[in-house]
Amino acid sequence: MHTETENDVAGINRPHFVVLQGPGLGDFFEITDDELVVGSDPFRADIVVRDVEVEPRHVEVYREPGGYVVRGMGAGKEIALNGEVIEEPGCGHLLSDGDRIHLGDSVLEFSHQDEIKASFYEQLHHLVNRDHLTGLFSKDRFDREFEHRLEATADEGRTLSVLMADIDSLKKINDANGHLLGEYVVGEIGRIIGALHQDEGRSATRFGGDEYQSILPDVCREEAVEVAEKIRRRIEAHAFERDGVVARTTISIGVASYPDDGTTRLELTHAADAALYRSKRAGGNAVSD
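So in our numbering, spot 22 of the sequence shown is number 22, and the numbers just go up one at a time.
Have a look at this one:
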């Protein structure tokens, strides 16, 4: 794991990569480990570059006493540093602040700058990729992540599950307490879902006004139902309080799994949506698969 230095503790030294060009434009990766792999495979790379021209495990970045070093991981994995092709990809090259690594159609900038610059990139990443209300992925960013995850799942014969969720009684909250409280509930539920997915390699988005979608890589149908039940119970037990007004609500969830319910993003979305409506028809506050 990454070992803090005096400067790290003081908030001065925050090494990171930012995607300046390519499908993951704006993606921000703080470097916290002494060794990591950069590649296109979300199951085998620590920093995932969603680029068809990038190998599953393309380069490794590791820490030495002089700083961070980048090295290609084998023959055929061409990389360029600051526009110059590295002729011997197996040899390590020490990274300096502002160096740019070219992988396929993507360009990653390495930065070892201060807290202000790192914070700027983080905020830029948030603006480009996050929903303003919930903090979840924006719909466009989520769809790209969904496609990338699905492709890797198919290539490696893994499984993946999808959740579609919908708030059961938002109209009642809006009618009784106003739309500001309703908007707050929508945002809070998104944050609860995001927190439950944290550190599991899972992603979620606000699909519509009060609907949410999640992808659960390496999760089978039975496990996905358990995840959905955990979300349902957490929402049911939560008191949503804003400006002294408290509201309660529940959520309905539908589950679909690859490949039984579909092999494309649209097929899996439709299958999970159909399961969601079965939950709704059953009276809400339920999970269906």
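From the three backbone atoms N, C-alpha and C, an ideal C-beta is built for every residue, glycine too.
For L95, the closest of A80, A256, G283 by C-alpha to C-alpha distance is A80. Here the alpha carbon of R206 sits roughly 9 Å from the alpha carbon of F142. Straight through space, the alpha carbons of A195 and L170 are spaced by roughly 21 Å. At a Cβ-Cβ threshold of 9 Å, A286 and M164 do not count as neighbours. The beta carbons of L103 and Y62 sit no closer together than 9 Å. In the structure shown, the three-state DSSP call for Q123 is helix.
The DSSP-derived three-state label of V219 is coil. When Cβ pairs closer than 8 Å are counted between the two stretches, the region 12-21 is seen to touch the region 105-115, the count reaching three or more. Contact between I251 and R232 is confirmed by a C-beta separation of about 6 Å, below the 8 Å threshold. Measuring C-alpha to C-alpha distances from E236 to each of T32, G67, E147, I167 identifies I167 as the nearest. Under the criterion of beta carbons closer than 8 Å, P217 and T269 do not qualify as touching, at roughly 16 Å.
Per the DSSP secondary-structure output, D166 pairs in a beta bridge with E211, S252.
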